[in-house]
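> Residue numbers (the numbering used here): 951 to 1077. Okay, handing you the structure first.
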């Protein structure tokens, strides 16, 4: 056997740089698809409808119990919370159009600090 044949026989099981690059590309693609799917599956609740008070009141199809978000401002004088309770009742009106009667809401929990600020917009999430 010549020296040249020894080198060839030793390289038969060796991987070429192109084959290694293709394997790494396939592994990278599979990992990227897997991570993208996990991100998609982890956040299904973030796709919610976002409406104004007027839009919500005008269309009955939004009032079918599905979870959505409604934005507005606190109607003056509508806030009521029994003493010693964390449950509060209030009404929201549109930030721009104050002609609607308001959307009545109930919230259980500690009220955020800026809730009563007249320049703050309130975003409700629920059904």
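Where is the CB? At the ideal position from N, CA and C, for every residue including glycine. Predicted, not measured: the structure shown is a model, and the values here were computed from it.
For residue 1005, does the three-state DSSP call read helix, strand or coil?
The sequence position of residue 1005 within the chain shown is 55, counting from 1. If DSSP states are grouped into helix, strand and coil, residue 1005 belongs with the helices.
> Are the CB atoms of residue 1043 and residue 1052 within a distance shorter than 9 Å?
By one-based count along the chain shown, residue 1052 stands at place 102. By one-based count along the chain shown, residue 1043 stands at place 93. In this structure, residue 1043 lies closer than 9 Å to residue 1052 by Cβ.
> Taking 9 Å as the cut-off, decide whether the C-beta atoms of residue 1021 and residue 1001 are in contact.
Locating residue 1021 in the chain shown gives position 71, counting from the first residue. Locating residue 1001 in the chain shown gives position 51, counting from the first residue. Yes, the Cβ-Cβ distance between residue 1021 and residue 1001 is below 9 Å.
> From the DSSP output, which residues share a beta bridge with residue 1042?
By one-based count along the chain shown, residue 1042 stands at place 92. 1024 and 1053, per the DSSP bridge assignment.
> With distances taken from CA atoms, which of 1038, 1054, 1059 and 1045 is nearest residue 1068?
Numbered from its first residue, the chain shown carries residue 1068 at position 118. Looking at the Cα atoms, 1045 is the closest of the given residues.
> Going by Cα to Cα distance, which pick from 1065, 1016 and 981 is closest to residue 1024?
Here residue 1024 is taken as the residue at index 74 of the chain shown, counted from 1. Nearest option by C-alpha distance: 1065.
> Which residue marks the beginning of the beta strand (DSSP E) containing residue 1064, and which one marks its end?
Counted from its first residue, the chain shown places residue 1064 at position 114. Careful: residue 1064 lies outside any beta strand (DSSP E) and carries neither H nor E.
> I'd like the span of the beta strand (DSSP E) that includes residue 1076, first residue to last.
Stepping through the chain shown from its first residue, residue 1076 is reached at position 126. From DSSP, the beta strand (DSSP E) with residue 1076 extends over 1072-1076.
> Counting along the chain, where does the alpha helix (DSSP H) carrying residue 1033 start and finish?
Locating residue 1033 in the chain shown gives position 83, counting from the first residue. Residue 1033 -> no alpha helix (DSSP H), and no H or E assigned at all.
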